[in-house]
Amino acid sequence: MQTRNADEKELAKFSELAHRWWDPRSEFRPLHEINPLRLGWIDDNASLAGKRVLDVGCGGGILAEGMASRGAEVTGIDLSDRALGVAKLHLYESGLSVDYRCIAVEQLAGEAPATFDVVTCMEMLEHVPDPASVITACARLVKPGGQVFLSTLNRNPKSYALAVIGAEYVLNMLPRGTHDYEKFLKPSEVAAACRDAGLTPLELIGMAYNPLTQVYSLGSDTDVNYLMRTVRFA
77 MQTRNADEKE
87 LAKFSELAHR
97 WWDPRSEFRP
107 LHEINPLRLG
117 WIDDNASLAG
127 KRVLDVGCGG
137 GILAEGMASR
147 GAEVTGIDLS
157 DRALGVAKLH
167 LYESGLSVDY
177 RCIAVEQLAG
187 EAPATFDVVT
197 CMEMLEHVPD
207 PASVITACAR
217 LVKPGGQVFL
227 STLNRNPKSY
237 ALAVIGAEYV
247 LNMLPRGTHD
257 YEKFLKPSEV
267 AAACRDAGLT
277 PLELIGMAYN
287 PLTQVYSLGS
297 DTDVNYLMRT
307 VRFA
């Protein structure tokens, strides 16, 4: 019987790779390359300095440290002890301060509702059995007037061709089996889950990768990777 909103195989997969999280040439290279883009986008819209921020599914802490470097008071949560161990160790190198906790977002929502000015949940929704439950918990955790930032993968033939076949089998950007196409989420599905949870979508943007220049960029193409900004009005 499942007692938490987690795919144990997914957790084991990322835990096995945890020691490579901060190697920019490793399987996590795409996260290192997109981090400046997503960090800048979040900061431009939320003015992170002085804000209390929660990073859900923080993994080894790449985004969490980035937000801390912008002056935010950051809490990072994940269900992988090994990834969190790597994240905590990296703080000795970076000199930054992040409060890392091994706790499910649903549990934290019960303990600390309406606590955070900003909640981020990036590249995580496609890895859990019940993404709507995660979104609902994020909505409970953010203060009224606060923003929740989400990112995931669209579900359509183009995203399958590029994010699975292209990234995992042709370009070898990611280990084979990193993504399960059936768990990809259409923007309309994420937006509906947000509205059901009391969040109002404000912005939808895409993130594209150019294999010729090997550069990521933000834009209007949401066919594969996309980011959504939402607000809790009450």
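Residue numbering for the sequence shown follows the working numbering, starting at 77 and increasing by one per position. Glycine included, each C-beta is placed from N, C-alpha and C at the ideal position. Bear in mind that the values here come from a model prediction, so they are computed numbers and not experimental data.
In the DSSP assignment, residue 191 falls outside any alpha helix (DSSP H), carrying neither H nor E. Considering only 178, 283, 233, 118, the residue with the shortest C-alpha distance to residue 158 is 178. Our two residues, residue 90 and residue 156, have alpha carbons roughly 8 Å apart in a direct line.
The Cβ neighbour count for residue 310, taken over all protein chains shown within 10 Å, is under 16; the residue is labelled exposed.
A Cβ-Cβ separation of about 5 Å places residue 110 in contact with residue 292 under the 8 Å criterion. No residue range can be given for residue 134, since it is assigned to no beta strand (DSSP E) and is classified by DSSP as neither H nor E. Across the set 288, 94, 200, the C-alpha of 200 shows the shortest separation from the C-alpha of residue 82. In the three-state reduction of the DSSP assignment, residue 298 falls in the coil class, being assigned neither a helical nor a strand state. The three-state secondary structure of residue 175, taken from DSSP, is strand. Counting along the chain, residue 111 sits inside the alpha helix (DSSP H) bounded by residues 105-122. With contacts defined as CB atoms closer than 8 Å, residue 211 and residue 184 fail to qualify as a contacting pair. Residue environment: residue 278 is assigned as exposed (fewer than 16 neighbouring CB atoms within 10 Å of its CB, all protein chains considered).
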